[in-house]
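Please read the structure below before turning to the comments.
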Amino acid sequence: MIEAVGLTKRYGAKTAVDDLSFQVRPGAVTGFLGPNGSGKSTTMRMILGLDSPTAGHVTIGGHPYRSLPNAPRQVGALLDAKGVHGGRTARNHLLSLAQLAGIPAARVDEVLGVVGLQDVAKRRTSGFSLGMGQRLGIAAALLGDPQVLLFDEPVNGLDPEGIHWVRNLMKMLAAEGRTVFVSSHLMSEMALTADHLIVIGRGRLLSDMSVTDFISANSADFARVRVPEDGPEDRQKLTATLVEAGGRVMSEPGGALRVTGLPLPRISDLAHGCDVRLWELSPHQASLEEAYMRLTQGLVDYRSTDDAKAGLAEPPPLDAYGYPIGGHVDEPVAPVEVPQEGWYAPPPPGPRPAPAHSPAAEPSPAAEPSSAVPAGEQTSKDLR
Amino acid sequence: MASVPAVLTSEWTKIRSVSSTTWTLISAFVVTVVMGAALSALLNATFDDLSEAEQATFDPTFVSFSGTVLGQLAMVVFGVLVVGTEYSSGMIRTSLAAVPQRATFLFSKIAVAGVLALVVGLLTSFVSFFLSQAMLGDRGTDIGADNVLRAVVGGGLYMGLIAIFSMGVAAMLRSSMLSLGILMPFFFLVSQILAAVPGAKDVARYFPDQAGSKIMQVVPDAMNTDPAPYGPWGGLGIMVLWVLAAVLGGFLVLKNRDA
């Protein structure tokens, strides 16, 4: 059991982790999600006693990490796959860690076999790929057969087979009653692996619930409506009618409309009523990935308001974040309230823009200009 | 809590499993011995060309340690790398997660690497002495002569202490490159130059290498060097104080900063 209470870490004026409280329970895989730079790794380091919190505390099994008796036997961690002296062989690296906790050398060969590195055990780690580095890091975490395991982005650099293996490994470890805490910035990965989700953004807790709850709370249905391409006035007419009837209409790249708040038959009736032909009327479900991105995006955009979740409570303004449509360079011609500049912009390198100038640039609360959505994450849809 | 013997064992594994250890220590040995022997042979051949003052204070023991000036640089590299690679590789996080007691971690590491450096230093110093005496022929001295054994053992201690000093500095600066960039020019140039500049030499003789090298002299003010206000053991004491300060500084940095 890992328990954080009011955990806060400031670097000068920058707050990396802000009043974070959560519990990680044994017997389940707990996913720790957040965009890059949201404070995941800092939190992990504080759990391991590497960084001292500015305020608050975090304990493992009731003890701060630094006062744990024989920590390597109780807690295993993968922090940085490249955190290995490149001139040392994989086996010697693990051996030096094993000796710290009085773990016999036979266990080193055992974990090398578990992670599939037995053939390269005598090779220097400088020649290792990122995936091999991850495996070596996982081996180091497993070394002491600990009850608590922390993995910081364990699937980075792994091939599909490796990802599958890590997924099963974590589930297996949790099934044995261990506490498994896995960070990731990929919702899709966590949706498949984790039982419980802790989502943070900008160092703040956004969500702490089981995956099932997260799905039912955050995903929502919408209808996609497409009108003939030769009638832009039809499109506007239909939009006006739908909005009048109480629906929310947003434009998708590619010219379709995304309608929420109205059942499909009603949309059809309304279209018929205003004499607009439909080329498409289809039911869709927003993916978990989109829900997650809205969640984290919302925090960035609404950060300077009192309630960090102000933008999230709203019923789904499910614009097309993460929606896998090819022609996303088109600026949508759509009428409605969706200012979609920078829709698919890649995340800015380095630290995020200061919160100070985001509210001013904010056109309307329904709008969520995405400035920090990694393009790579856009390709996954309906991942559940 | 990770026990001290366990940490010592682990640090020994770490040290012996990287090739930089072997190479730096072998170069320290080879450079010191070869250069000492070569200079001894040279001085023996050109003894008559030396100034009168130099002839009067000719110290065959001190001459055998002429190679230390260069050989100590390899010791500096060894000391810096032992600590610095933990930081440059990121291994420090894994290490500290495994040994949350940072004092145990750092002092065990320094103890293991320091003892190794001392052993290699002593070996270097004895081999260097005997080889150089052979080169000096009749002008050489004997290990049984007054103070000679002290100087030869001192030469080994000096090499070990230089390495430990470098470990402390690397722990303070948390970077191999930065530490080498400061220590190498300091020991190779700055200290040597300042020690030859009038005025500055009053300060420079309290630098770790200048003070520490006094232990290797048998004849007072050997080879017409400047008289110092401390004896051989006093000089080594000054050096030990420097080493303690560096290690303490390194420990405080490690203890108080985030890894």
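First to last, the sequence lines map onto chains A and B. Just so we're aligned, residue 1 is where the first sequence starts under full-length UniProt numbering, counting upward by one. Just so we're aligned, residue 1 is where the second sequence starts under full-length UniProt numbering, counting upward by one. Just so it is clear, CB atoms sit at the ideal spot from N, CA and C, and this is done for glycine as well. Only a predicted model underlies this, so the values are computations on that prediction, with no experimental measurement involved.
Within chain B, the residues 17 have their CB atoms less than 9 Å from the CB of residue 89(A), given in chain order.
Looking at the backbone, the Cα of residue 19(B) and that of residue 23(A) are separated by about 44 Å. Under a 10 Å Cβ-count criterion, residue 11(A) is classified as exposed, with fewer than 16 other Cβ atoms of the shown protein chains found around its own Cβ. Neighbours of residue 96(B) in chain A, taken as residues at a C-beta separation under 7 Å, are given in chain order as 50. Between the stretch 156-171 of chain B and the stretch 249-257 of chain B there are three or more C-beta pairs closer than 8 Å, enough to call the two in contact. Closer than 9 Å to the CB of residue 7(B) there is at least one CB belonging to chain A. Taken through DSSP and simplified to helix, strand or coil, residue 145(B) comes out as coil. Interface criterion not met: the Cβ of residue 129(A) is under 9 Å from no Cβ in chain B.
Cβ contact annotation for residue 262(A) (same chain, cutoff 6 Å, sequence separation greater than five): 247, in chain order. According to the DSSP assignment, residue 149(A) belongs to the beta strand (DSSP E) that extends over 148-152. Taking 9 Å as the threshold, the shortest C-beta distance from residue 74(B) to chain A does not fall below it. In the DSSP assignment, residue 17(A) falls within the unbroken beta strand (DSSP E) covering 14-24. Closer than 7 Å at the C-beta level to chain A, one finds these residues of the stretch 95-120 of chain B: 96, 97, 98, 99, 100. Using beta-carbon distances, residue 34(A) does not count as an interface residue toward chain B, since no partner is under 9 Å. Contact between residue 128(B) and residue 33(B) holds: CB atoms are separated by about 5 Å, below the 8 Å threshold. Residue 79(B) is a Cβ neighbour of residue 163(B), given a cutoff of 9 Å. When secondary structure is reduced to three states using DSSP, residue 201(B) falls in the helix class. The Cβ-Cβ distance between residue 72(A) and residue 97(A) falls below 9 Å. In the structure shown, residue 151(B) falls within a helical segment according to DSSP collapsed to helix, strand and coil. In this model, residue 222(A) and residue 277(A) are separated by some 19 Å (Cα to Cα).
If you draw a straight line from the Cα of residue 93(A) to the Cα of residue 146(A), it is about 18 Å long.
CA-to-CA, the gap between residue 115(A) and residue 83(A) works out to about 17 Å. Contact between residue 188(A) and residue 289(A) holds: their C-beta atoms lie close to 6 Å from each other, under 8 Å. The C-alpha of residue 216(B) is placed about 6 Å away from the C-alpha of residue 62(B).
Selection 69(B), 50(B), 52(B), 55(B) evaluated against residue 184(B) yields 69(B) as nearest (Cα-Cα).
Membership of residue 239(B) in the alpha helix (DSSP H) is indicated by the continuous run 232-256. Residues of chain B whose Cβ lies closer than 7 Å to the Cβ of residue 80(A) are, in chain order, 90, 93.
Beta-bridge partners of residue 55(A) (DSSP): 8(A). The CB of residue 259(B) comes closer than 8 Å to the CB of 45, 50, 51 in chain A, given here in chain order. Between the alpha carbons of residue 96(B) and residue 76(A) lies a gap of roughly 12 Å. Looking at the DSSP output, residue 207(A) bridges to 199(A).
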